[in-house]
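Residue numbers (the working numbering): 13 to 145.
Just so it is clear, CB atoms sit at the ideal spot from N, CA and C, and this is done for glycine as well.
See structure below.
What follows is the structure, encoded as structure tokens:
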């Protein structure tokens with residue numbers, strides 16, 4: 013599948029927030045790069061946990077993608093997003109790479125400004141703890 017076709021599947025997930033749909037998109041050896049965790053998080057279960065928590069924490073009614081750069085040759089895309097989280101404006105970028113089977117292989121998130129990073133870190137920590145227990 014092309015990056016554009018893979019990206020359509022991702023956008024469908026963002027619209028529906030289906031956990032099974034998200035799981036179907038992830039490669040078994042997927043890697044997640046958090047804006048606040050220093051080491052890459054490897055493996056489908058941990059990537060699923062981070063992206064599921066992000067769906068809840070960041071996926072509020074103000075979330076929107078505002079720009080996309082798609083590279084079909086490299087099978088990857090960069091998506092800039094914006095949202096408001098507890099009165100704080102969050103601006104960030106998702107960089108997604110897919111493998112030859114159209115599964116998400118690598119997912120990197122970058123967030124700005126510092127106030128937003130701190131808020132995302134706080135809220136994601138709470139959500140990941142809640143999901144564990």
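Measuring CB to CB, does residue i end up less than 8 Å from residue j?
i, j, result
"residue 91", "residue 73", "no"
"residue 39", "residue 117", "yes"
"residue 122", "residue 104", "yes"
"residue 139", "residue 82", "no"
"residue 13", "residue 35", "no"
"residue 44", "residue 31", "no"
"residue 15", "residue 84", "yes"
"residue 70", "residue 95", "yes"
Just mark residue i as buried or exposed, buried being the case when its beta carbon has 16 or more other beta carbons within 10 Å.
i, result
"residue 49", "exposed"
"residue 37", "buried"
"residue 41", "exposed"
"residue 78", "exposed"
"residue 19", "buried"
"residue 88", "buried"
Below 8 Å on the Cβ atoms is my guess for residue i versus residue j; work out the distance and round it to an integer in Å.
i, j, result
"residue 75", "residue 93", "6 Å"
"residue 22", "residue 107", "The pair is not a contact, with the Cβ atoms about 12 Å apart (cut-off 8 Å)."
"residue 127", "residue 98", "No, residue 127 and residue 98 are not in contact; Cβ-Cβ is about 10 Å, not under 8 Å."
"residue 47", "residue 100", "Not confirmed; about 14 Å, so no contact."
Let me check one thing: in DSSP terms, what residues is residue i bridge-paired to?
i, result
"residue 45", "120"
Which whole runs of the alpha helix (DSSP H) in the stretch 33 to 118 are 4 residues long or more, in chain order? Complete alpha helix (DSSP H) runs here, min 4: 56 to 69.
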